[in-house]
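Q: Residue numbering for the sequence shown follows numbering that gives the first Met the number 0, starting at 0 and increasing by one per position.
We put the beta carbon where it would ideally sit given N, CA and C, even for glycine.
The following block contains the structure, expressed as structure tokens.
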Amino acid sequence: MVTHLFDSTRTELLERQTEISEIERKLDDLRGGFGGVIAVEGAPGTGKSSLLHLLHGKAVDNKFLVLHARGNEFEGSFALGAVAQLIESAAEDSPRGDAPARLHGSRIARLLHGELPDETHAAEWHALLHELHRVFLDLASDQRLVLVVDDAQLADLPSLRFLSYLAARVGRSPIVLTVAVEPRGPSPAADLLGSVVTSFESTVLRPAPLSLRALEQVVAETVGGPDPTSVAESIFEATDGNPMLVRAVLDEAATAPGRPARTGRDWLTRRAPRSLMRWIIRKLRSLPGPSLELAQAVAVLGRATEPWVVERTTGDTDAGVEKALAALIDAEILLDGPVLRFAQPLVRTAVQDSTPLLTRGQLHARAARALATTGASPEQIAGHLLEAPAQGDQRTVRSLLDAAAAATARGGERETIPYLRRALREPPADRDLPRVLTRLGTAELSVDHEAAAGHLREALEHTSDPDARGAVARDLAWALAAGSRFEEAVTVLADTMVDLPMGDAVADLDDTLSWIGRLSPGARDLRRQRLAQIQEQSAGTSSNGRVHVLLDQLWNGTDATRMADSADDVLRRAGLPAENGVGWGAALTATWSLAVCDRLPEARRAVRALADESRRRGVHLFHLDHCLQAYVELRLGQVSAAAGLAATALEASESAGRPTIAQPMAAAALVEALIEQGDLERATTELSARELLAVEGDTTAHLPLLRARGRLRLALGQTDAGVADLVRGRGLDADLGPAAGSVGTWALVITALHRSGRVREARELGEEELARAYAFGAARPLAVVLRALASTAAPDRALRLLEEAVDLLDGSPALLERAHTLYLHGRALGRAGRTSTAREQLRLAVELAGDCGAYPLHSRAREELLALGTPARGPGRRKRSPSTLTPAEERVAALAAEGLSNRDISQALFVTVKTVEWHLTQAYRKLGVDSRENLPCALGASSPEPH
């Protein structure tokens, strides 16, 4: 349970030792018969009342008589009301109804009930004040006297006149007068209090805000949690260390019936505490003029540089605004300066949260209109329009479209979505509706493919221009395909092609149809049916006909050299258009083809350029580029980098709450990398958490998943289940998948069948796959098949097959496959008695596996090497050092070593927290550390290991 920051259980106030020492000194003087004044001055919530409460307790402990009063706005018109409170407290607090206290109280009561002198009769006032002073002196003669007046700025003027009179005289009497004062603007009350505060006898205490260090202490003691420092920083930023605000936040966390979710460092300050909202409303209503309305306007504006903008937002332009503004500044609710803003962000939040929704919307509408006349940026104006009620105003639509255009121009495509959705609610005029729907649907492709499909479908219904219809239909098809709605996508493309005249628009749709129409059996069959209807129209020359050629080569099979040349041609000639759709699909297809053809360095360059360009232009590729990057890095032997890319793609593919087509592919890439790292438990968890352990799937997106899941099950000893996944995947691939892309992909089926006792079937399949691999002609797939077939062959043939695989991969950039092949070859050589050659192969396998981060393979190769009587050379060519980290892991580890939290790192690098956690885990394992504290030393070690 969270305790109060300044409750009675604490032995001292935080960071108030200087003030406490001054109070104790004054009380020591009083014990010796010397009085004085203590003035505690400060903005609301700085802890003035807490210091008065502490003084009260210490005075009582010293057997002093303590009289107390508090000013408030409701008694400000009651003459001598504060003095009356002091006397009433004397009667209430005197032990056993002390007779002198009652007697003196009666004397003052008679004075209070009498008629007060007129302001012009100074002599009569002096007589009254003198008589009151004599009464308090008489009380002090019986017992040392401490007068405590809190919120003195709210007390009535006659009482303040008396306090001013008394302050000038207490030094010569056993009376300590203590007042707590908030700053106020020029007024008679401020003048009277000024004479008290500046009295020769006054000791002025000005409590400072709490430091961040103090807040960290309080949060650690009360809130706790895994990252109290981060929470304390959030509270400090919101409250500026104001003790009252801090206490309100912590009390709300402890007592609110629906406690806030502990997510993010600002989980305690996202909303204002209810007690703070009530307090700020009372406070604002006590100030003159339209102070409440003005504060609400500034809260809506956030930061205001032009006073007249504030006035127009308030909706009140009379002279009262200036007076209210001065009052807010004097009360230190607002800070004066070139930019008008709240002293503490949490107070602004409280004003916002306490403003009725309707009123808030009207304020935002007025703010947008006012800012539009100042030359404010489109996005600043639109920020207010987002919160304003819809009014059917086409100026609002234009402003929102301008803001969307500005966001797009600086690469913030996602940021356009709120503007466009708000414009749609206004709503736009009929002539602008198709444009708004199209821009919104295209932007939503990056975050919510279902919403994108809905808006693009509506845009298609309202669009008549042929080229525009073609572009909308193409984007709609991709949105549907992202959600695996392939048949619907084919229908949209085919229907639109029939409606449009021949031209580039139809050619683009035809190429998109060729891509999407191959992704599921249903889409394939429907595409064939619809193509028969539009064959005559689509027979014309397409500006991207080479994409058809490349797709045919991928799906129907050809040799690797021809297909790689076609892929190069597509990348060289097609360029990267600034749109979603066929141009980007062509680039993805070509890059994938390069990877299939074992042109891995070229594929890496192409996919990186594709990812960078799409990000720069705000084009969404449904994270397919990241999946492809992960597979390319895995084949290049960068296992950790592949795992990081796959994890990022997997999380991103689920960010909208509805998985995209990339989810099974990203999950498969991650599982493949985790298997290479030996983390079978996490691989299983990643699939189980997404219910991918049981999913069957009949699309090309599920082919990698079936392979990865089958491989995982084999590694876990679940042979039958693993074989079933692999056999089913190969069958689906033969029916649906690209013939060229499947070469070598399902070689694992050969080993799995052999392991399960289906030897003849395994050998027949191996010979079939070997013939396909020879025909295709790429080194890596052929080596994979040779290696798999060797597991089914007699020892002599197995050795020949493995030797051929090793020769094929000699110097290949496919380091991971090379390491696997060298290991199996070395093991076979050792069992054939060729120890010397076996050692060479196994030593290379150990080094390559260590460099790749394939830890189980590395361990197996070391064991074989040790069995031959040769010590291995360690984990690879390098010791555990920063040089073994990927660039992403190194960036994350460096920031963590500097003390940044995971959330801070995610914000600095523009990645998710989960991605940061993943890279840190990899860095810990590579560097051999288990905590942040060890990172600085580990990152400093980078010496190579001698051979």
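Okay, do the region 848 to 859 and the region 671 to 684 touch, 3+ Cβ pairs below 8 Å being the bar?
A: A contact exists between the region 848 to 859 and the region 671 to 684.
Q: Could you pull out every residue in the same chain whose Cβ sits closer than 8 Å to the Cβ of Leu587, ignoring the five residues on either side in sequence?
A: Hits under 8 Å: Leu609, Leu620, Leu623, Asp624, Leu627.
Q: Could you give the distance in angstroms between the alpha-carbon of Ala296 and the alpha-carbon of Leu423?
A: So the two alpha carbons sit approximately 26 Å from each other.
Q: Quick one, are the C-beta atoms of Leu814 and Leu847 less than 8 Å apart?
A: Cβ distance < 8 Å, so Leu814 and Leu847 count as in contact.
Q: Provide the residue(s) that pair with Val65 in DSSP beta bridges, ordered along the chain.
A: Answer is Val145.
Q: Tell me the start and end of each unbroken beta strand (DSSP E) in the region 710 to 788 that is at least 3 residues and wholly inside, in chain order.
A: For the region 710 to 788, not a single whole beta strand (DSSP E) run of length 3 or above is found.
Q: Measure the Cβ-Cβ separation of Gly453 and Thr659 and say whether it is below 8 Å.
A: Not closer than 8 Å, so no.
Q: Flag this pair as yes or no: are the beta carbons of Leu525 and Ala480 separated by less than 8 Å?
A: Against a cut-off of 8 Å, the Cβ pair of Ala480 and Leu525 comes out as no contact.
Q: By how many angstroms is the C-alpha of Ala893 removed from the C-alpha of Ala665?
A: Approximately 27 Å, taken between the alpha carbons.
Q: Look up Ala661 in the DSSP assignment and say whether it is helix, strand or coil.
A: Reduced to three states, the DSSP call for Ala661 is helix.
Q: Take Ala994 and list the residues in its own chain whose beta-carbon comes closer than 7 Å to its own, dropping the five residues that flank it on each side.
A: Examination of residue 994 is not possible in this model, given that the chain is present from 0 through 946 alone.
Q: Is Lys62 buried or exposed, if buried means 16 or more other CB atoms sit within 10 Å of its CB?
A: Counting Cβ neighbours within 10 Å, Lys62 comes out exposed, since fewer than 16 surround it.
Q: Name the residue from Gly374, Leu362, Ala369, Asp431 whose alpha carbon lies nearest to the alpha carbon of Gly391.
A: The option with the nearest alpha carbon to Gly391 is Asp431.
Q: Would you mind stating whether Thr744 and Ala787 have Cβ atoms separated by less than 8 Å?
A: No, Cβ-Cβ distance for Thr744 and Ala787 is not below 8 Å.
Q: Compare the Cα-Cα distances from Ala774 to each of Ala789, Ala559, Ala68, Arg931 and report the closest residue.
A: Closest by alpha carbon: Ala559.
Q: Taking Glu40 as part of the beta strand (DSSP E), name the residues at either end of that continuous run.
A: Looking at the DSSP string, the run of the beta strand (DSSP E) that includes Glu40 is 35 to 40.
Q: What do you reckon, are the CB atoms on Ala458 and Pro433 nearer than 8 Å?
A: The answer is yes: Cβ separation under 8 Å.
Q: Measure the CB-CB distance between Pro206 and Gly70 and report whether it falls below 8 Å.
A: Cβ atoms of Pro206 and Gly70: not closer than 8 Å.
Q: Taking C-alpha atoms, which residue in Phe199, Trp124, Pro43, Thr221 lies nearest to Leu153?
A: Checking every option, the nearest Cα to that of Leu153 belongs to Pro43.
Q: So Ser194 packs on Ala151, CB below 8 Å; how close in whole Å?
A: Between Ala151 and Ser194 the Cβ distance is about 12 Å, and since that is not below 8 Å, they are no contact.
Q: Below 8 Å between beta carbons: does that hold for Ala922 and Glu897?
A: No, these two residues do not count as a Cβ contact at 8 Å.
Q: List the DSSP bridge partners of Ser201.
A: Note: Ser201 sits in a beta bridge opposite Val36.
Q: Is DSSP giving Leu492 helix, strand or coil here?
A: Here Leu492 sits in helix by DSSP.
Q: In the DSSP assignment, what are the bridge partners of Val175?
A: Partner(s): Gly35, Val145.
Q: Looking at Thr820: is its Cβ nearer than 8 Å to the Cβ of Ala782?
A: In this structure, Ala782 lies closer than 8 Å to Thr820 by Cβ.
Q: Buried or exposed for Thr441, going by 16 or more other Cβ atoms inside 10 Å?
A: Its Cβ being crowded by 16 or more others within 10 Å, Thr441 is buried.
Q: Just to confirm my understanding: we take Leu128, look at its own chain, exclude 5 residues before and 5 after, and list those with CB closer than 6 Å. What are they?
A: If we look at Leu128 and ignore the five residues flanking it on each side, its Cβ neighbours are Phe161, Tyr164.
Q: Find the nearest neighbour of Ala720 within the set Leu731, Leu50, Arg708, Ala629, judged by alpha-carbon distance.
A: Closest by alpha carbon: Arg708.
Q: Classify Val497 as buried or exposed, calling it buried when 16 or more other Cβ atoms lie within 10 Å of its own Cβ.
A: By the neighbour-count rule (16 or more Cβ atoms within 10 Å), Val497 is not buried but exposed.
Q: Which of helix, strand or coil does DSSP assign to Phe77?
A: Three-state DSSP puts Phe77 in coil, outside helix and strand.
Q: Excluding the five sequence neighbours on either side, which residues of its own chain have a C-beta within less than 8 Å of the C-beta of Gly288, listed in chain order?
A: Once the five neighbours on either side are set aside, the close Cβ partners of Gly288 are Gly319, Val320, Lys322, Ala323, Ala326.
Q: Under a Cβ-count criterion, where at least 16 other Cβ atoms within 10 Å of its own Cβ denotes burial, should Gly740 be classed as buried or exposed?
A: Label assigned to Gly740: buried.
Q: How many Å lie between Asp447 and Arg484 at the Cα?
A: Taking the straight line joining both Cα atoms gives about 14 Å.
Q: Buried or exposed, going by whether 16 or more other CB atoms sit within 10 Å of the CB of Gln662?
A: It is buried - the Cβ of Gln662 has at least 16 other Cβ atoms within 10 Å.
Q: Who are the Cβ neighbours of Ser172 in its own chain at under 7 Å, not counting the five residues just before and after it?
A: Taken in chain order, the residues that qualify are Gly34, Leu136, Ala139.
Q: For Ala450, I'd like the list of residues in its chain whose CB is within less than 6 Å of its CB, leaving aside the five on either flank, ordered along the chain.
A: So the list reads Glu443, once near-sequence residues are dropped.
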